[in-house]
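Below is one structure; the comments refer to it alone.
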Amino acid sequence: MEWIPEIRIGWLNGWIPLGLLTLTDMIMFLIFPKDVVARLFDRSGWSQRQIVFTVIGKLSALVGLALLFCTPMKIDSTVFRVGFAVIGLGLIGLVKALFDFKNTPISEPVTRGIYKVSRHPQIVMSTVVLLGGCIAIGSWSALLSLTVARVFSHFGILAEEEVCLEQYGDDYRSYLNRVPRYFLFF
Numbered sequence: 000m001e002w003i004p005e006i007r008i009g010w011l012n013g014w015i016p017l018g019l020l021t022l023t024d025m026i027m028f029l030i031f032p033k034d035v036v037a038r039l040f041d042r043s044g045w046s047q048r049q050i051v052f053t054v055i056g057k058l059s060a061l062v063g064l065a066l067l068f069c070t071p072m073k074i075d076s077t078v079f080r081v082g083f084a085v086i087g088l089g090l091i092g093l094v095k096a097l098f099d100f101k102n103t104p105i106s107e108p109v110t111r112g113i114y115k116v117s118r119h120p121q122i123v124m125s126t127v128v129l130l131g132g133c134i135a136i137g138s139w140s141a142l143l144s145l146t147v148a149r150v151f152s153h154f155g156i157l158a159e160e161e162v163c164l165e166q167y168g169d170d171y172r173s174y175l176n177r178v179p180r181y182f183l184f185f
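Take the sequence shown: its position 75, counting from 1, is numbered 74 in the numbering used here, and each next residue is one higher.
In structure tokens form, the structure reads like this:
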């Protein structure tokens, strides 16, 4: 792992995990009903502050994504093998989370499947994929950028929880008390 990675456009860059993440999302969004996809991206009920912090997080993520896109992966190294194992784990978890979300009626909070161990498994699993990409390219700076982006995205997660509390009431409050936000902690 290095702080300042070699930047060059190539076929075996960190764009591959980004492409896998994007392809996974696109396939799911194409096969899911439109109301499910709309529910995934609903930002109504968010405060201005929550939106601003989320935008800052997305801008921070762009730095990390640019590093991933433009940095060659460390093929034939331990960091590459570890990184791709982490990417695979994240993609499997993301697909599971998306199907659990899809299979829950809109009138109920999503609390089944992987949502029994995390209130936000889609975010966590997307982060795991990106973490694997940062490891595969061996870049501390990409990892730092991802960390900053996820810290700011926390405000969007809080906004989602507030909206769900308003929408689902005591059922969701009970869920908040039972299930951690990010798997084993928080």
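Even for Gly, the Cβ is constructed at its ideal location relative to N, Cα and C.
Near residue i, what residues of its chain come up, given a Cβ to Cβ distance below 6 Å and the 5 sequence neighbours on each side ignored?
i	result
His153	none
Trp45	Ala158
Asp99	Arg111, Gly112, Ile113, Tyr114
Val162	Gly44
Trp2	Trp139, Ser140
Phe52	Phe151, Phe154
Kindly list the residues whose CB is nearer than 7 Å to the CB of residue i, restricted to its own chain and excluding five residues on each side of it in sequence; keep chain order.
i	result
Leu88	Val127
Leu97	Met27, Gln121
Val62	Ser144
Report the partner residues of residue i according to the DSSP bridge assignment.
i	result
Asn12	Pro71
Glu1	Ser138
Here's the rule: buried if 16 or more other CB atoms are within 10 angstroms of the residue's CB, otherwise exposed. What is residue i?
i	result
Tyr8	A quick correction: the sequence has Ile, not Tyr, at residue 8. Looking at its Cβ environment, which holds fewer than 16 other Cβ atoms inside 10 Å, Ile8 is exposed.
Thr21	exposed
Met124	buried
Ile86	buried
Leu129	buried
Trp14	buried
Gly18	exposed
Asn176	exposed
Leu29	exposed
Gly131	buried
Among residues of its own chain, excluding the 5 on either side of residue i, which ones have a beta-carbon nearer than 8 Å to its beta-carbon?
i	result
Glu5	Thr70, Pro71
Arg48	Phe154
Asp34	Ile105
Leu90	Leu19, Leu20, Thr23, Met124, Val128
Val178	Thr110, Tyr114, Lys115, Val116, Ser117, Arg118
Which residue spans inside the segment 121-184 form an unbroken alpha helix (DSSP H) run of at least 4? 139-167, 169-177
Flag this pair as touching only if the segment 111-121 and the segment 40-50 have three or more C-beta atom pairs under 8 Å; answer yes or no. no
Please confirm if the segment 153-165 is in contact with the segment 51-63, defined as three or more CB-CB distances below 8 Å between the two stretches. yes
Would the segment 131-138 count as touching the segment 70-80 if we require 3 or more Cβ pairs under 8 Å? yes
Do the segment 144-153 and the segment 95-109 meet, that is, are 3 or more Cβ pairs less than 8 Å apart? no
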